Every structure is written in structure tokens, then in C-alpha cells.
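Trainee: Each number in the numbering used here corresponds to the 1-based position in the sequence shown with 2 added. Heads up, the beta-carbon is just placed ideally off N, CA and C, and yes, glycines get one too. Bear in mind that the values here come from a model prediction, so they are computed numbers and not experimental data. Sharing a structure, written as C-alpha cells. Questions coming.
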Amino acid sequence: MSIFSSLFKPKQQKADISSILPQEIFEAGVLELKDIIAPSALKVTPKEINLGEKVLRSFFVISYPRFLSEGWFSPIINMDKVFDVSIFVHPIETSKVLRQFQRKVAEVQSQIHSREEKGLVRDPMLDVAYQDLENLRDQLQQAQEKLFDVGLYITIYGDSDSELDKAESEIKSILEAKLIYVKPALFQQEQGYKSTLPLGNDLLEVHSKLNSSPLSSLFPFTSFDLTSDKGILYGINRHNSSLVLFDRFSLENYNSIIFGKAGSGKSYATKLEILRTLMFDTDVIVIDPEREYEYMAEATGGRYFKISLNSEHHINPFDLPVPGPGESAANVLRSNIINLVGLFRLMMGGLSAEEDAIIDQAITETYALKDITVESDFRTIEPPLMSDFEMVLTGMEGGESLAQRLSKYTKGTWSGFINRPSNVDINRKFVVFSLRDMEDELKPIAMYIVTHYIWNAIRKELKKRLLVIDEAWWMMKSEDTASFLMGLVKRGRKYFLGVATITQDVGDFLKSPYGIPIITNSSIQILFKQSPTTIDELQKTFNLTDEEKYLLLESDRGEGIFFAGLKHVAIKNIASYTEDQIITSDPSQVLAIKKAKQDAMEDKEVALKAVNAELKEAEATNK
């Protein structure tokens, strides 16, 4: 009858359809998370599971040896296979265990006495078992150890049965060599798979009793990892996808060095480290020859100084730092004079022994001209300028030719660079000195002066700092600048300073007599993709295996090898979206960011004009 009634009420039915059908269609088309992640098909067999296009097999550990060495499970964790591991640890109540131990000890003791009464030879296995039980019972009673039911399950994945068989054979051979035996979860593959999912469900319930010490040896992160409880994230371990967390200030020195060909991701990795380091109460100073850190300085509220011939920022190389704790004015003055001699040697293209002595004397007299001696208070002095030094040099016997060679820095085209008082203040958490607009001929000189100025500021106040020298090969071109860089690397630790040296020219760096000492005094070394022409030299320097050598030749951008002390891992840099927007130097991304900022400014101007127009219209209406 309902069919007939519907025929006589077509309008009502149409109304019902129009009100319900769209909602039903919408609900039917909505996908839930489980619909997205679920495999296309699932087939469970006694020995394995077919999961979509993959085949998987689960195992459990059934037997352990009497002794377990530290890190015994690491070869499994670091296998280059796709697999899941679950470790279930169920604590056992100590009082209950002790009652069971009492019975077990009595049984073993009874067997030993029985053999003695029968005149049989002592059984070493019974003696060892008795000693182990007594020792463990004592440790349990003294709360030095606890006992646990431990389930260790492994699920391996493959594209075919043969691939699974190969992985199974490899796992068994590794574990059986350590007298650890596994079995496949026959007729329990579903429970085994569910037990290795990150759900915390122990459905297999195949347990072995382990006390605290052997259980601790099962902890997987003991090998091929650089994971500490403090520090910053350098990247992802390419071998086992663990996090590479490290604190450079926890090592014997705080220095690092990065090698990589152009476009390998050196500067990107450095900027990522800087961004994360700034969050841990560390001041960062960067010498930037290619203007790659400008946007980063702007985004983080840092200071950005452009050093060039026409720049408004100047550094006077004759500045003297205030002596720090344990330093005397005489030592500071003497050290600065030595550094200035090195600077003039660099500026004049080399000095003979006689010219070196004249320059040394002229510097001392230039300071004396301003009443600066070892007894002066360096906080109240007015340091001399380059023109004062030139004047003193001109009046000295044998100094006229030297003054003439120096004149281009005081009167010539390069006079705007260093012949003015310093007006640079680096009292900020993040400071960048850009040298991109400096002529190539002057870049080594500029880097020497800037680095020396930074060094004086560092010595003035003890703080946790990181000094980043990008494109350091500029400083390795001259013996004086390379020597000064090595001095920074060696002495930085006393002033809580880490020096990060970044370069792409591996050949020139290693040819310098100061290259190897800088490397050996850098506790952190990061190697990114290398050129075939330099890889052999790099392999010899860092004692790389052939596998590591080919890894560096084939690495993608941001991939390489991370050395920290005696440990090293293959690493891949990972940045969040926000970090990437701040630190990227990709030209297309930089242009897109600039365009977005420009569009935002234009939209803001349009909005302001609209608001002003509305205000004027409102004022006119009120009048």
C-alpha cells in the first residue's frame, strides 16, 4: 500500500528527495583519515600478510644468551631495510619474583646436594645457575635491579617473497651469531603486525624475563647516532632516520668546518644552524662575502653592516680593546701591533725584513702620538687613524717609499674604507658583516680587518658566541689572513667562542699550511657533495671509506657526512616551511618572497587610501 500512497503524493516525495539527497551525497563523498591510509587490499596467511602491493612478515625473539653486550641490537636497527620494531617491557613485582626465586634456588641447591650424595662429579652448569640466581636475588633485594617480561617483535616489508626471505635470512644470521634466536609468528601474523604498529598493543605476548642490565643493552640508539639530550637539530640520520641532535659547546673545542661544492647546501645548512642556535642564548656574528644573510638578519631583528668603499659603516684597524680578565694593557697593545704589521704586509703585497721593522716602529710611534702607551686606560683613549700612521711613516728614515705605497688607502680611491673612526656596534644577538660590494682585490684585507675587530670585541666581554666565516677561501689566499684565522680557531675556546669555517675551494684550503691545523682544531666537520677532482684528496684527509667517498659524489643538495669527535653519520638537512622562507638563497624563492612583500605593501597602500577616502567623505558629510 505504501507504493500506491507514494504515487498519490508525488509532490511530497519530491520535496523529501530534494531535502535529503544532497546531504547524503555529500556525506558519501567525505573521506576519513582511515580511508586515506588504508591499503587497497589485505590478505592474511599463516606465514605472511599481503598488504596492498607489499608483503610483510613478523617475528619474535624466543631466546637470549647468558650475557648481552652493549649495542647488540644496533646492527639490526641500522640495517638498510624497511621494517618495524616493537619492544614491550612489562615490569614484574619484585616481591612476587623473590618468592619464585626462593623456590628455584631451593630446587637447584637440592640437585647439587643430590649429586654430591651420590658421589657424582659436580655439574658446572648447575653451579653457574646457582651463582647467577643468588647474585640476581641479592640485587633484587637491594633494589639494584628489577625484572621485566620483555617482548621483542620485528615486522619486515618487501615487494616479493624472495625479498622477504633474504631479509629474514640476514636478520637471523646477525642475531644467531650472538646466540639470540627468533621465530616467525606462524598463524599469528595478524597479531604480530598489529603488535609492531605504533599503537602499544602487545597481542603476541611472547615474553622473555630480563633484568635491568641486559634490558638496557637492547636500547636501540647506541650506534651510528649523534643524539644528545641538549643541542640543536642538525638534520636527519640518512641511515636510520633518527635525529642528529648535537651541541657544539659540549665538545673539546667549539669549532666547525664545512666543505662542499657550489650549490651543495653549505650556506643553507649554516643558516639553519644559526637560526636554531639563536634560540639557545648564543650570540652569532657572520662574515658574509656574498650577501646571503641580509634577509635573515632582517627577519631575526639582527644588525646588517655593508662594508664597502662607499659604505657609511667604517672600522678603524687602530682600535684597541679594553683588557679582559687576566690580560694586561701591555699584552693587548703588543698583540694589536703584531696584527697591524700583518695587515700592512697584506695591504702592501709583502714586506722585507727591514720594512717589517720600520712598520713595527712606526705603529708604536703612531700610538705614542696619541699618548697611548702600556700605562694608558684604553677606555678613554682616542685611537689614531691610518692618515696619522702615514704621517709618522713619512717622517721616518726609509719610510717614505712605504708611505707612498700606503697612500691609496689614505688619499686615493680606497681612502673611504679604513681611514675613519669606527662607527660599528655589534652589541646585538645576531650581526652580519656583508662584503659583497667590496672589490675582490680588497676582500682579503676587509675580512682581516673585520675579523680582527670582531676578535677585539669578543675579548672585551666573555659571552657564548658563534663566529661564522662564509667563503673562508678568501682568507686562505694570504698567509697573514690564514694565520690569523688559525689563531682564532685555536684561541676561541678560552673566550667561549665557536668558529664556523665554510668553504667550497677544498684544494686551496688543504694546500695552505694552515688548512690541516684548522681542520684538526675543528671538532665538528661537515662534508657535503664534492667534485670528482677533489674527492680523493678529501678522502685521504678525512680517512673516508670508499662507500663514504661515493656517497659524497652522489649526494643531493643538503646531504652529506656529519663528523663530531670520533663519531660520524650520513646526514640530510631538514627545515620547516618558516625556516626555509627565512634562510633560502634559491633565486626563484627569493624573487617570490620579494614579490609577495611588494604585493603586501601595495595592498596596504590601497587599503590606507580607501580608509583615507572614507574619512574624507565622512568629514564632508558632517560639514
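Since Leu345 and Ile176 should fall inside the 8 Å C-beta cutoff, what is the C-beta to C-beta distance between them, to a whole number of angstroms?
Mentor: As a first step, residue 345 is located in the sequence shown; it is residue number 343 there, counting from the start. As a first step, residue 176 is located in the sequence shown; it is residue number 174 there, counting from the start. At roughly 60 Å, the Cβ-Cβ gap does not stay under 8 Å, so Leu345 and Ile176 are not in contact.
Trainee: Would you report the Cα separation of Phe61 and Arg101, rounded to the nearest angstrom?
Mentor: Looking up residue 61 in the sequence shown gives position 59. Looking up residue 101 in the sequence shown gives position 99. Straight-line Cα distance between these residues: approximately 32 Å.
Trainee: Going by the beta-carbon positions, is the gap between Asn278 and Arg430 smaller than 7 Å?
Mentor: To locate residue 278, count along the sequence shown from 1; it is residue 276. To locate residue 430, count along the sequence shown from 1; it is residue 428. The residue you asked about is not Asn; residue 278 is Arg in the sequence shown. No; because the gap between Cβ atoms is not below 7 Å, this pair is not in contact.
Trainee: Would you report the Cα separation of Gln113 and Asn137, rounded to the nearest angstrom?
Mentor: Indexing the sequence shown from 1 puts residue 113 at position 111. Indexing the sequence shown from 1 puts residue 137 at position 135. If you take the alpha carbons of Gln113 and Asn137, they lie about 19 Å apart.
Trainee: Taking C-beta to C-beta, are Ile576 and Met298 nearer than 7 Å?
Mentor: For the purposes of this step, residue 576 is identified with residue 574 of the sequence shown, where counting begins at 1. For the purposes of this step, residue 298 is identified with residue 296 of the sequence shown, where counting begins at 1. Going by C-beta atoms, Ile576 is not nearer than 7 Å to Met298.
Trainee: For Leu490, count neighbouring Cβ atoms within 10 angstroms of its own Cβ and tell me buried if that reaches 16, exposed if not.
Mentor: Working through the sequence shown from its first residue, we reach residue 490 at position 488. Buried, since its Cβ has 16 or more Cβ neighbours within 10 Å.
Trainee: Going by CA-CA distance only, name the one from Ile182, Met81, Leu154 and Gly262 that's closest to Ser243.
Mentor: Against the sequence shown, residue 243 aligns to sequence position 241. Nearest of Ile182, Met81, Leu154 and Gly262 to Ser243, Cα basis: Met81.
Trainee: If we ignore side chains and look at the alpha-carbon of each, how far apart do Thr224 and Ser514 end up?
Mentor: One-based indexing of the sequence shown puts residue 224 at position 222. One-based indexing of the sequence shown puts residue 514 at position 512. Because Thr224 sits at a pLDDT of 45, beneath the cut-off of 50, its placement in the model cannot be relied upon, and the point is left open.
Trainee: Roughly how many angstroms lie between the CA atoms of Glu647 and Gly153, to the nearest whole one?
Mentor: Here the chain has residues from 3 to 625 only, and residue 647 is not among them.
Trainee: Look up Phe103 in the DSSP assignment and say whether it is helix, strand or coil.
Mentor: As a position in the sequence shown, residue 103 is number 101, starting the count at 1. In this structure, Phe103 counts as helix in the three-state DSSP scheme.
Trainee: Need the endpoints of the alpha helix (DSSP H) that Thr503 sits in, please.
Mentor: Taking the first residue of the sequence shown as 1, we reach residue 503 at position 501. No alpha helix (DSSP H) contains Thr503, which is instead part of the beta strand (DSSP E) from Leu499 to Thr505.
Trainee: Please report the Cβ distance between Leu554 and Ile526, rounded to the nearest whole angstrom; I am assuming they are in contact, meaning their Cβ atoms lie under 8 Å.
Mentor: Taking the first residue of the sequence shown as 1, we reach residue 554 at position 552. Taking the first residue of the sequence shown as 1, we reach residue 526 at position 524. Not really, about 17 Å apart at Cβ, beyond 8 Å.
Trainee: Taking 7 Å as the cut-off, decide whether the C-beta atoms of Ile1 and Val343 are in contact.
Mentor: No information on residue 1 is available, as it lies outside the stretch 3 to 625 that the chain covers here.
Trainee: Residues in its own chain within less than 6 Å of Ile260 by CB, not counting five upstream and five downstream?
Mentor: As a first step, residue 260 is located in the sequence shown; it is residue number 258 there, counting from the start. Once the five neighbours on either side are set aside, the close Cβ partners of Ile260 are Lys268, Ile504 and Ile528.
Trainee: How about the region 436-451 and the region 412-426: do they share at least three Cβ pairs that are nearer than 8 Å?
Mentor: These segments touch.
Trainee: In whole angstroms, give me the CA-to-CA distance for Leu387 and Leu274.
Mentor: For the purposes of this step, residue 387 is identified with residue 385 of the sequence shown, where counting begins at 1. For the purposes of this step, residue 274 is identified with residue 272 of the sequence shown, where counting begins at 1. So the two alpha carbons sit approximately 39 Å from each other.
Trainee: For Ser225, which of helix, strand or coil comes out of DSSP?
Mentor: Numbered from 1 along the sequence shown, position 223 holds the residue referred to as residue 225. Residue placement at Ser225 cannot be trusted, given a pLDDT of 43 that sits under 50; what the coordinates show is reported in the next sentence. Coil.
Trainee: Buried or exposed, going by whether 16 or more other CB atoms sit within 10 Å of the CB of Pro216?
Mentor: For the purposes of this step, residue 216 is taken as the residue at position 214 of the sequence shown. Counting Cβ neighbours within 10 Å, Pro216 comes out buried, since at least 16 surround it.
Trainee: Are the CB atoms of Asn523 and Lys492 within a distance shorter than 7 Å?
Mentor: Position 490 of the sequence shown, counting from 1, holds the residue named residue 492. Position 521 of the sequence shown, counting from 1, holds the residue named residue 523. In contact: Lys492 and Asn523 (Cβ atoms closer than 7 Å).
Trainee: Between Asn239, Pro48, Glu192 and Lys148, which has its C-alpha nearest Ile79's C-alpha?
Mentor: Mapped onto the sequence shown, residue 79 falls at position 77. If we check each option's Cα against that of Ile79, Asn239 comes out closest.
Trainee: Count the other CB atoms within 10 Å of the CB of His92; is the residue buried (16 or more) or exposed (fewer)?
Mentor: For the purposes of this step, residue 92 is identified with residue 90 of the sequence shown, where counting begins at 1. With fewer than 16 Cβ atoms within 10 Å of its Cβ, His92 is classed as exposed.
Trainee: Would a C-beta distance cut-off of 7 Å place Asp2 and Trp475 closer than the cut-off?
Mentor: No answer is possible for residue 2: the residues shown for the chain start at 3 and end at 625.
Trainee: Could you name the residues of the same chain whose beta carbon sits closer than 7 Å to that of Ser480, not counting the 5 residues immediately before and after it, in chain order?
Mentor: Here residue 480 corresponds to residue number 478 of the sequence shown, with the count starting at 1. Here the set comprises Leu348 and Pro446.
Trainee: On the three-state DSSP scale, how would you describe Ile528?
Mentor: Along the sequence shown, one-based indexing puts residue 528 at 526. If DSSP states are grouped into helix, strand and coil, Ile528 belongs with the strands.
Trainee: Which one of Ile595, Asp588, Ala598 and Gly400 has the shortest CA to CA distance from Leu353?
Mentor: By one-based count along the sequence shown, residue 353 stands at place 351. Out of Ile595, Asp588, Ala598 and Gly400, Gly400 has the C-alpha closest to the C-alpha of Leu353.
Trainee: Taking DSSP as the reference, what is the three-state secondary structure of Tyr236?
Mentor: Here residue 236 refers to the residue found at position 234 when the sequence shown is read from its first residue. If DSSP states are grouped into helix, strand and coil, Tyr236 belongs with the strands.
Trainee: Roughly how many angstroms separate the alpha carbons of Thr258 and Asn458, rounded to a whole number?
Mentor: On the sequence shown, position 256 is the one that residue 258 refers to. On the sequence shown, position 456 is the one that residue 458 refers to. Position check: residue 258 holds Ser in this sequence, whereas Thr was assumed. Going by the C-alpha atoms only, they are around 21 Å apart.
Trainee: Run through the region 383-471 for me and flag every whole alpha helix (DSSP H) of 4 or more residues, listed as ranges in chain order.
Mentor: 388-396, 402-408, 417-420 and 445-462, all fully within the region 383-471.
Trainee: Can His315 and Val470 be called in contact, C-beta distance under 7 Å?
Mentor: Here the question's residue 315 lines up with position 313 in the sequence shown. Here the question's residue 470 lines up with position 468 in the sequence shown. No; because the gap between Cβ atoms is not below 7 Å, this pair is not in contact.
Trainee: Between Ser197 and Tyr66, which are expected to be in contact by the criterion C-beta below 8 Å, what is the C-beta distance as a whole number of angstroms?
Mentor: Locating residue 197 in the sequence shown gives position 195, where the first residue counts as 1. Locating residue 66 in the sequence shown gives position 64, where the first residue counts as 1. Between Tyr66 and Ser197 the Cβ distance is about 19 Å, and since that is not below 8 Å, they are no contact.
Trainee: Would you tell me roughly how many angstroms separate the C-alpha atoms of Leu617 and Ala598, rounded to the nearest one?
Mentor: Residue numbering aside, residue 617 sits at position 615 when the sequence shown is read from its first letter. Residue numbering aside, residue 598 sits at position 596 when the sequence shown is read from its first letter. Leu617 and Ala598: Cα-Cα distance of roughly 28 Å.
Trainee: Note down the Cα distance separating Ser578 from Ala405, rounded to an integer number of angstroms.
Mentor: In the sequence shown, the residue the question calls residue 578 occupies position 576. In the sequence shown, the residue the question calls residue 405 occupies position 403. Those two C-alpha atoms are separated by around 54 Å.
Trainee: If we call anything under 7 Å between Cβ atoms a contact, is Lys462 one with Val324?
Mentor: Locating residue 462 in the sequence shown gives position 460, where the first residue counts as 1. Locating residue 324 in the sequence shown gives position 322, where the first residue counts as 1. For Lys462 and Val324, yes; Cβs fall inside 7 Å.
Trainee: Are the CB atoms of Trp74 and Ser219 within a distance shorter than 7 Å?
Mentor: Residue numbering aside, residue 219 sits at position 217 when the sequence shown is read from its first letter. Residue numbering aside, residue 74 sits at position 72 when the sequence shown is read from its first letter. Cβ distance < 7 Å, so Ser219 and Trp74 count as in contact.
Trainee: Could you tell me whether the Cβ atoms of Leu206 and Tyr155 are closer together than 7 Å?
Mentor: Position 204 of the sequence shown, counted from the first residue, corresponds to residue 206. Position 153 of the sequence shown, counted from the first residue, corresponds to residue 155. Against a cut-off of 7 Å, the Cβ pair of Tyr155 and Leu206 comes out as a contact.
Trainee: Under 6 Å Cβ to Cβ from Ile340, same chain only, skipping five residues before and after it: list those, please.
Mentor: Looking up residue 340 in the sequence shown gives position 338. No residues qualify anywhere along the chain.
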